[in-house]
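Undergrad:
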Amino acid sequence: MSGAAVPATNEKALARRVKDHVIGRSHEFFAVVHPGFEETSRRELAGLGIAAVRGGTGGVAFPGRLEDAWRVNLGAGTVSRVLMRLARFKATGFAEFRDRVAAVPWELHLGDGATPAFSVSASRSRLWHEGRLEEEAAQAVLGRLNGFGRSAHAGKDGRGPVQHVFIRMEENHCQVSLDSSGELLYRRGRGKFTEGAPLRETLACAILREAGIERYRTLVDPFCGSGTFALEAGALFLGRPANDDRAFAFQSWPSFRPARFRHVREELERSMKEKAPAGPRRIYSSDLDEKAAATARRNVAAAGLAGLAEVDQADFFRLHPPAGDPAAVLLAMNPPYGARQLPGSDMAALFRRIGEKVRHDYAGCGYAVIVPGLENEKALGLPHDRKILFHNGGIPVALLIKNSVTRNA
């Protein structure tokens, strides 16, 4: 039946099934987040009106309609990907696995010409061969789609939009999920220019939210690199949805309704604008490297933040803090380490100087500092209210957060 046309009556029946079983029902979703910031994302999703969210390792699960997943994709700055759970089953043999995958109603979720791409992980299971699991899943999905007259090819052989399917096999239990996002959500869609080892937007947003950026009037980023902190702070200060400028995988699903999506987008934009912090805000970014400062300046201008943010080529240790109430200033710092570390530089000495500078010139300010390793943390010598351990670029680091002396914003 592959490639055969489906009678119009069957197409109408299929459209009714999509309406009844996909559009009209609640589903289980999983928002993938940077490990260590699950609670940060849970609070962000609650602020977007996503109720009954549950935190877990590496993500936040929530029930909802398709429109809820659209809203999270559009508005959540801390989320990397939104998965829609399709099926969970037990399988101890490859034939059983293939049959269970084939029983999923793929025709309700993938449109004509879709190109399924499979990401498979297996651990502590009888079905441990990930390559074989991928082959069986591809045969099952394509066979089902072709049986409904849908043209589909797996992987690089397809010509339509790539649709990522995630299959996780653990202790003989399989979880099948459909990616609703497409490209990872840290790619905001603005064509950002980057320098070496940039901080991902989702992580920068999580750090700013965890530090309570909404309480401050001024953000200072003295090691700005490509300007990621400035871009994320600008969106938060202005009440812009984080991912308003990009496309998503769900827009190619049979359940997608463009008019309804426009309504969700406009409603979200209005709501976030109303919740944006009141009063004037400023962002000061700088970097000692001339190329990095130029790149950050270019990114800030492209994001429409020129009136809000300033970028200078400057040495942090020669800078003066912004005039005014220090309690209204948040200092966000991702000092050079790892791939950004200067050859032959003394890391402990650098963090010692940073600590001295903050204590002397930024007393009373709030700060959020990324520090690699306990030795550098001791050299920094700064008190903190919270400490979050995570990995950045494969390097174990700590985020040290200190609230400003007063809560004035």
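The numbers in the numbering used here rise by one with no breaks, and the one at position 315 of the sequence shown is 339.
Yeah, the Cβ is synthetic: ideal placement off N, Cα and C, and Gly gets one too.
The beta strand (DSSP E) spanning Phe190 covers which residue range?
TA: The residue you call residue 190 lines up with position 166 of the sequence shown. Segment 186 to 194, the beta strand (DSSP E) holding Phe190.
Undergrad: Taking C-alpha atoms, which residue in Arg40, Arg174, Glu401, Asn267 lies nearest to Glu207?
TA: What you label residue 207 is simply residue 183 of the sequence shown in a count that begins at 1. Closest by alpha carbon: Asn267.
Undergrad: DSSP state of Glu52, grouped into three classes?
TA: For this step, residue 52 is matched to residue 28 along the sequence shown. Three-state DSSP puts Glu52 in a strand.
Undergrad: Return yes when the Cβ of Ser250 is within less than 8 Å of the Cβ of Arg109, no when it is not.
TA: As a working mapping, residue 109 is identified with position 85 in the sequence shown. As a working mapping, residue 250 is identified with position 226 in the sequence shown. Against a cut-off of 8 Å, the Cβ pair of Ser250 and Arg109 comes out as no contact.
Undergrad: Would you tell me roughly how many angstroms separate the C-alpha atoms of Gly155 and Arg122, rounded to the nearest one?
TA: Here residue 155 refers to the residue found at position 131 when the sequence shown is read from its first residue. Here residue 122 refers to the residue found at position 98 when the sequence shown is read from its first residue. Using only the alpha carbons, I get a separation of about 13 Å.
Undergrad: Taking the alpha carbon of Leu398 as the reference point, which residue from Gly388, Val77, Val421 has its own alpha carbon closest?
TA: Taking the first residue of the sequence shown as 1, we reach residue 398 at position 374. Cα-wise, what sits closest to Leu398 is Val421.
Undergrad: If I measure Cβ to Cβ from Gly137 and keep anything under 6 Å in the same chain, skipping five residues before and after, which residues do I get?
TA: Position 113 of the sequence shown, counted from the first residue, corresponds to residue 137. Once the five neighbours on either side are set aside, the close Cβ partners of Gly137 are Ser175, Gly184.
Undergrad: Does the Cβ-Cβ distance between Gln199 and Pro140 come in under 8 Å?
TA: The count along the sequence shown starts at 1 and reaches residue 199 at position 175. The count along the sequence shown starts at 1 and reaches residue 140 at position 116. Taking 8 Å as the Cβ cut-off, Gln199 and Pro140 do not qualify as a contacting pair.
Undergrad: How many angstroms separate the CA atom of Leu132 from the CA atom of Lys43?
TA: By 1-based counting over the sequence shown, the position of residue 132 is 108. By 1-based counting over the sequence shown, the position of residue 43 is 19. C-alpha separation (whole angstroms): 9 Å.
Undergrad: Do you know offhand how far Ala410's Cα is from His197's?
TA: Numbered from 1 along the sequence shown, position 386 holds the residue referred to as residue 410. Numbered from 1 along the sequence shown, position 173 holds the residue referred to as residue 197. Checking the sequence shown, residue 410 turns out to be Arg, not Ala. So the two alpha carbons sit approximately 37 Å from each other.
Undergrad: Please classify Val429 as buried or exposed, where buried requires at least 16 other C-beta atoms within 10 Å of its C-beta.
TA: The residue you call residue 429 lines up with position 405 of the sequence shown. It counts as exposed.
Undergrad: Beta carbon of Gly379: closer than 7 Å to some heavy atom of the ligand NAP?
TA: Here there are no bound small molecules, and the ligand NAP is not part of this structure.
Undergrad: Does Asp245 pass the burial test, meaning 16 or more other C-beta atoms within 10 Å, or should it be called exposed?
TA: Translated into positions along the sequence shown, residue 245 becomes position 221. Asp245 should be labelled buried.
Undergrad: The beta strand (DSSP E) that contains Phe142, what's its start and end?
TA: Your numbering for residue 142 matches position 118 in the sequence shown. Per DSSP, Phe142 belongs to the beta strand (DSSP E) from 139 to 147.
Undergrad: Taking all protein chains shown into account, do 16 or more other C-beta atoms lie within 10 angstroms of the C-beta of Lys299, making it buried, or fewer, making it exposed?
TA: On the sequence shown, residue 299 is found 275 positions in, with the first residue counted as 1. Burial call: exposed.
Undergrad: Counting only the same chain and skipping the five closest in sequence on each side, list residues whose C-beta sits under 7 Å from that of Ala70.
TA: The sequence position of residue 70 within the sequence shown is 46, counting from 1. The residues are Val77.
Undergrad: Going by the DSSP bridge assignment, what does Asp311 pair with across the sheet?
TA: Position 287 of the sequence shown holds residue 311. BP columns for Asp311 point to Gln337.
Undergrad: So Arg377 and Phe341 are supposed to be a Cβ contact under 8 Å. How far apart are they, rounded?
TA: Stepping through the sequence shown from its first residue, residue 377 is reached at position 353. Stepping through the sequence shown from its first residue, residue 341 is reached at position 317. About 6 Å separates the two Cβ atoms, so the contact holds.
Undergrad: If we ignore side chains and look at the alpha-carbon of each, how far apart do Ala178 and Phe118 end up?
TA: Within the sequence shown, residue 178 is the residue found at index 154, counting from 1. Within the sequence shown, residue 118 is the residue found at index 94, counting from 1. Roughly 19 Å separates the two Cα atoms.
Undergrad: Out of curiosity, what's the CA-to-CA distance linking Asp269 and Val144?
TA: Position 245 of the sequence shown holds residue 269. Position 120 of the sequence shown holds residue 144. Spanning the two alpha carbons is a distance of roughly 30 Å.
Undergrad: Residue range of the beta strand (DSSP E) that His153 falls in?
TA: The residue you call residue 153 lines up with position 129 of the sequence shown. From DSSP, His153 is part of no beta strand (DSSP E); its letter is neither H nor E.
Undergrad: For Cys229, which residues from the same chain have a beta carbon less than 7 Å from its beta carbon, with the 5 sequence-adjacent residues on both sides left out?
TA: Here residue 229 corresponds to residue number 205 of the sequence shown, with the count starting at 1. Hits under 7 Å: Gly101, Thr102, Glu256, Ala266.
Undergrad: Could you compute how far the alpha carbon of Arg306 sits from the alpha carbon of Arg241?
TA: In the sequence shown, residue 306 corresponds to position 282, counting from 1. In the sequence shown, residue 241 corresponds to position 217, counting from 1. C-alpha separation (whole angstroms): 6 Å.
Undergrad: Given 8 Å as the limit, is there contact between the segment 340 to 356 and the segment 277 to 290, that is, 3 or more CB pairs closer than that?
TA: No: the two stretches stay apart, fewer than three of their Cβ pairs being nearer than 8 Å.
Undergrad: In the DSSP assignment, the alpha helix (DSSP H) including Asp203 goes from what residue to what residue?
TA: Numbered from 1 along the sequence shown, position 179 holds the residue referred to as residue 203. Premise fails: Asp203 lies in the beta strand (DSSP E), 197 to 203, not in any alpha helix (DSSP H).
Undergrad: Pick from Gly331, Ala387, Leu98: whose alpha carbon is nearest that of Asn351?
TA: If you number the sequence shown from 1, residue 351 lands on position 327. It should be noted that the sequence gives Ala, not Asn, for residue 351. Of the listed residues, the one whose Cα sits closest to Ala351 is Ala387.
Undergrad: Using the three-state DSSP reduction, which class does Pro31 fall into: helix, strand or coil?
TA: Residue 31 sits at position 7 when you count from the first residue of the sequence shown. The pLDDT assigned to Pro31 is 45, lower than 50, so where the model puts this residue is not dependable; a value taken from the coordinates is nonetheless given after this. It is coil, neither helix nor strand.
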